[in-house]
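What follows is one structure encoded as structure tokens, with my remarks underneath.
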Amino acid sequence: MRKKYSTIEREALEIVYVLKKFNQYHYGRHFMIRTDHKPLEHLFSTKRHFPSIAISRLERWVLTLNICDFDIIYRSGASYAIADTLSRLPSSDPETQDDKEKRCENKKC
Numbered sequence: 001m002r003k004k005y006s007t008i009e010r011e012a013l014e015i016v017y018v019l020k021k022f023n024q025y026h027y028g029r030h031f032m033i034r035t036d037h038k039p040l041e042h043l044f045s046t047k048r049h050f051p052s053i054a055i056s057r058l059e060r061w062v063l064t065l066n067i068c069d070f071d072i073i074y075r076s077g078a079s080y081a082i083a084d085t086l087s088r089l090p091s092s093d094p095e096t097q098d099d100k101e102k103r104c105e106n107k108k109c
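For what it's worth, the UniProt record's numbering labels the leading residue of the sequence shown as 1, then goes sequentially.
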């Protein structure tokens, strides 16, 4: 995951990643997502209204997940210790295209 992402972006990216990765298990089914990050509840709710200036990355992720049938439920971190498990796992950032280009420039490919 990106270290430069804001908290809401990191939390939303975790949901997007998991839902894409396990699409075969939830496709066509209704399911619940529990989170300890309150803003995600509004972001992914069916009654959402984007502000006139919205972050395009978050907007894109929300639109990507519109095909999924889920409810997102907020639970405080104190009452739901497992909610942050994915964000606490060590991550290895995959190499981006920019990184590849910089590496290639240095080697003069």
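Heads up, the beta-carbon is just placed ideally off N, CA and C, and yes, glycines get one too.
Taking only runs of the alpha helix (DSSP H) that begin and end inside the UniProt domain "Reverse transcriptase RNase H-like" (3-66), which ones reach a length of at least 4 residues, in chain order?
The UniProt domain "Reverse transcriptase RNase H-like" (3-66) contains, as complete alpha helix (DSSP H) runs of 4+ residues, the segments 7-21, 23-26, 38-43 and 56-64 (chain order).
Rounded to the nearest angstrom, what separates Ile67 and Tyr25 at their Cα positions?
Rounded to the nearest angstrom, the two C-alpha atoms are 14 Å apart.
Hey, how far is the Cα of Glu41 from the Cα of Glu11?
11 Å
Buried versus exposed, by CB contacts within 10 Å (16 or more), Thr64
Counting the other Cβ atoms within 10 Å of the Cβ of Thr64 gives fewer than 16, which makes it exposed.
Answer with buried or exposed for Ile73, where buried requires no fewer than 16 other C-beta atoms within 10 angstroms of its C-beta.
exposed
Pop quiz: Arg57 and Glu14 are said to be a contact at Cβ under 8 Å. What is the actual Cβ separation, rounded to whole angstroms?
No, Arg57 and Glu14 are not in contact; Cβ-Cβ is about 14 Å, not under 8 Å.
Which same chain residues end up closer than 8 Å to Met32 when comparing Cβ atoms and leaving out the 5 residues on each side of it in sequence?
Phe70, Asp71, Ile72 and Ile73
CB-CB under 6 Å to His37, same chain, minus the five flanking residues each way: which ones, in chain order?
Glu11
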